[in-house]
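Student: Chains as they are written, first to last, in the working numbering: chain C, 1 to 238; chain E, 1 to 481. Just passing along the structure, written as structure tokens.
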């Protein structure tokens, strides 16, 4: 249920060959086939030329900029999930990208595994788990309608925000969710925080989930957190 | 060609002197002094001459009247004895009596054309004796029987006066010239010294001593005013240079730390690690270090972008109570871990703004309070509407910031000494202020007795305006919900 398979086809519109190669090689490990367009004009025609599972668009491109491609794609009726790459200071391009119909954005420079995680999350969003009413991992049941959490039948009292984080983990098991992704998803924070707020929230959530909370939501050094059902075994990190 | 340079050099030197301000001041000064001196002498000379002429005329008129009255009647018969008698005693006047045919009957001068009224005579030969070339002024009367009577006086004092005036003029011209050149030199020396002072200061500043200032004369004159303006400019420049220098130093410093850690880690790993897991862990750590460094750049760029102003079409109505609750929820666990109380008071009001930036602003303030106050501190968030303004107050009861540093902490990379141990880039408050300003607001720091009180004031928008577009969802409900 990772949502990433050998058939995942990704179009990367990126003019910087180093970044493009980095993404292509990094995603190859995840079984994603990356096709690269190195300018905006080719990018648009390739994006319209066939069905893509995911399109990753750079903001600044020769020929046609990412925002224009995005707008044209959405106008042409394309519903492919699109991840927008913005520069570090791109306050307005972030807003513009989301308004223009991007599904997610990533600030450069980024780690390819963060991109992979975001792709995984995106693909699941459009996948079959979209319409379930309850999520289940390792005896934990999250009732999505009543926003209630039980573990082995016992009710766990969680704050609404904690339910939201837990849902994020449970919808994306075995996927490393970075600190930035958690901040962004749960609080819409896309600026650097100098306090260990994510850590404290996760540690509270773990405590409430039970004695094996630490095994359930594992810390991956330098990458983030991953929810693992220890009964199902483990996947290699990274 | 080779023979020309000295001449050309001299010509150039002359041209330099002529074009110099000093030369022009001297010429102008001397010129005007001479001109005004001339004018004074000329006027007073003309006046003296006129008054002397007046005296001469008066004397002649009086003498004529006296002679005529002594004669009784204006004919040759009556006048002849009177004039003969007058001429006999070496008179101070010249007399002449001619008959109708022009023959001289009596007098001490030669023949004249019979013309009545005042007249000037300067023909020496008209005078039979005495000085040869003295000028004479006199008056003639044509008598009833055709005779002609003339009485005149020696007018040489007038000539002497003219001569004297001319002499005075020439000498004083020389005097004024000398005085003018001297005065001009002194004047230009005074002015040039002031200019040179400014120029010397400029050269010192250029040679690196940017703390140099132009000295004041204390005369409060135009030069002092100029010096004042220039010094103010230099002050401003020095501040800018200092802040630039500070920023580059700090960037270098802040970058070097994570990068040198990174280097150490990688070096250690390449020497010590032998397993791929070990390498992976080392690389992961290295990436974290690198991210810290990149984050500083990211914040700097974002700061510049915000200070430059971003498109206002990203602005939506943001309710401050939701925003505050959001931030408090985000930071409460972190505060509780430090046994700090994070208390949210009643907050109301709506502002037009970028929700994420406003959240960053409030988050930075709360984060500062958490990071810079000791365990067990109390942090409060309050706010309210005051007319067309909304205030948002984040206060703590920690150590606070000394009054003299409260402006400085808004500058980029400024970190107070005692907070050096706390992680941070020194950009937080710069960003807070930039965001507040972007939204047309202000931020002020004050004493919370004890602690720090950060007051953000933003323009309030009336709630009715926000309804048609609908309130934006709380920032937490991102597009992934």
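We treat Cβ as the ideally placed atom computed from N, Cα and C, and that holds for glycine. This one's a predicted model, so the numbers in the text were calculated from it and none came from an experiment.
Rounding to the nearest angstrom, what Cα-Cα distance links residue 227 of chain E and residue 315 of chain E in this structure?
Tutor: If you take the alpha carbons of residue 227 of chain E and residue 315 of chain E, they lie about 46 Å apart.
Student: Taking Cβ-Cβ distances below 7 Å as the criterion, which residues of the segment 217 to 232 of chain C are in contact with chain E?
Tutor: The residues in question are 221, 222 and 223.
Student: For the segment 383 to 470 of chain E, which segments carrying the beta strand (DSSP E) assignment without a break, of at least 3 residues, lie completely within its bounds, in sequence order?
Tutor: 389 to 396, 442 to 447 and 452 to 459, all fully within the segment 383 to 470 of chain E.
Student: Express the C-alpha separation of residue 174 of chain E and residue 138 of chain E in angstroms, rounding to a whole number.
Tutor: Going from the Cα of residue 138 of chain E to the Cα of residue 174 of chain E covers about 38 Å.
Student: Which chain E residues are close to residue 190 of chain C, counting only those with a beta carbon under 8 Å from its beta carbon?
Tutor: Simply 356.
Student: Starting from residue 208 of chain C, follow the beta strand (DSSP E) in both directions and report where the run begins and ends.
Tutor: Per DSSP, residue 208 of chain C belongs to no beta strand (DSSP E); it is in the alpha helix (DSSP H), 197 to 209.
Student: Which two residues bound the contiguous beta strand (DSSP E) that contains residue 154 of chain C?
Tutor: Per DSSP, residue 154 of chain C belongs to the beta strand (DSSP E) from 154 to 156.
Student: Going straight from the alpha carbon of residue 266 of chain E to that of residue 12 of chain C, what length do you get?
Tutor: Near 31 Å, if we compare the C-alpha coordinates of residue 12 of chain C and residue 266 of chain E.
Student: I need the DSSP call for residue 187 of chain C, collapsed to helix, strand or coil.
Tutor: Here residue 187 of chain C sits in helix by DSSP.
Student: Roughly how far, in whole angstroms, is the beta-carbon of residue 85 of chain C from the beta-carbon of residue 64 of chain C, given that I think they are within contact range, below 8 Å?
Tutor: About 15 Å separates the two Cβ atoms, so there is no contact after all.
Student: Between the beta-carbon of residue 104 of chain C and the beta-carbon of residue 124 of chain C, is there less than 8 Å?
Tutor: Contact: no.
Student: Establish whether the CB of residue 133 of chain C and some CB of chain E are separated by less than 8 Å.
Tutor: Judged by the 8 Å Cβ criterion, residue 133 of chain C is not in contact with chain E.
Student: DSSP state of residue 197 of chain E, grouped into three classes?
Tutor: Helix at residue 197 of chain E.
Student: Counting C-beta neighbours from all protein chains within 10 Å, is the total for residue 482 of chain E 16 or more, i.e. buried, or is it exposed?
Tutor: Since the first residue shown for chain E is 1 and the last is 481, residue 482 of chain E is missing from the structure and cannot be characterised.
Student: How big is the Cα-Cα spacing for residue 227 of chain C and residue 160 of chain C?
Tutor: Taking the straight line from one Cα to the other gives about 19 Å.
Student: Please classify residue 217 of chain E: does DSSP put it in a helix, a strand, or coil?
Tutor: Residue state, collapsed to three classes: coil.
Student: Could you check how far apart the C-beta atoms of residue 155 of chain E and residue 141 of chain E are, in whole angstroms? I think they sit under 8 Å.
Tutor: Not quite, the Cβ-Cβ distance comes to about 19 Å (not below 8 Å), so this is no contact.
Student: Is the CB of residue 430 of chain E under 8 Å away from at least one CB in chain C?
Tutor: Not one chain C Cβ lies under 8 Å of residue 430 of chain E.
Student: On a CA-only basis, which of E/71, E/350, E/147 and E/299 is nearest residue 388 of chain E? Give me that one, please.
Tutor: Of E/71, E/350, E/147 and E/299, the residue nearest in Cα terms is E/350.
Student: Around the Cβ of residue 81 of chain C, are there at least 16 other Cβ atoms within 10 angstroms (buried) or fewer (exposed)?
Tutor: Buried is the call here.
Student: Let me know if residue 299 of chain E comes out buried or exposed under the rule of 16 or more other beta-carbons within 10 Å of its beta-carbon.
Tutor: When all chains shown are included, residue 299 of chain E counts as buried.
Student: Among E/384, E/231, E/395 and E/362, whose alpha-carbon lies nearest the alpha-carbon of residue 378 of chain E?
Tutor: Answer by Cα proximity: E/395.
Student: Which bits of chain C does residue 359 of chain E rub up against, with CB to CB less than 9 Å?
Tutor: Correct list: 187, 188, 189 and 191.
Student: Drop a sphere of 10 angstroms on the beta-carbon of residue 214 of chain E, count the other beta-carbons inside from all chains shown, and report buried for 16 or more, exposed for fewer.
Tutor: Its Cβ being crowded by 16 or more others within 10 Å, residue 214 of chain E is buried.
Student: Do residue 333 of chain E and residue 211 of chain C have their C-beta atoms closer together than 8 Å?
Tutor: No, the pair does not count as a contact, with Cβ atoms beyond the cut-off.
Student: Hey, is residue 490 of chain E's beta-carbon within less than 8 Å of any beta-carbon in chain C?
Tutor: This structure gives no information on residue 490 of chain E, because the portion of chain E shown stretches from 1 to 481.
Student: What residues from chain E crowd round residue 80 of chain C, counting only those whose CB sits closer than 9 Å?
Tutor: Residues of chain E passing the Cβ test: none, with the nearest at roughly 16 Å.
Student: Could you work out which residues of chain E lie near residue 255 of chain C, taking near to mean beta carbons separated by less than 9 Å?
Tutor: Given that chain C is displayed from residue 1 to residue 238, the structure contains no residue 255 of chain C and the question cannot be resolved.
Student: So with CB distances below 9 Å, who are the chain C contacts of residue 250 of chain E?
Tutor: The premise fails here: residue 250 of chain E is roughly 16 Å from chain C at the closest Cβ pair, so nothing lies under 9 Å.
Student: How about residue 165 of chain C: is its C-beta nearer than 8 Å to some C-beta of chain E?
Tutor: Taking Cβ atoms only, chain E never reaches closer than 8 Å to residue 165 of chain C, which makes this a no.
Student: For residue 216 of chain E, which residues in the same chain have their Cβ closer than 7 Å to its Cβ, ignoring the five residues on either side in sequence?
Tutor: Hits under 7 Å: 224 and 227.
Student: I think residue 179 of chain E touches residue 21 of chain E, with their Cβ atoms under 8 Å apart; what is that distance to the nearest whole Å?
Tutor: The Cβ separation is near 20 Å, so there is no contact.
Student: In the structure shown, what three-state DSSP assignment does residue 138 of chain E receive?
Tutor: Note: residue 138 of chain E maps to strand in three-state DSSP.
Student: Can you tell me where the beta strand (DSSP E) with residue 119 of chain E in it begins and where it stops?
Tutor: Segment 117 to 121, the beta strand (DSSP E) holding residue 119 of chain E.
Student: Against chain B, which members of the segment 51 to 81 of chain C pass a CB distance test of less than 7 Å?
Tutor: Chain labels in this structure do not include chain B; the protein chains are C and E.
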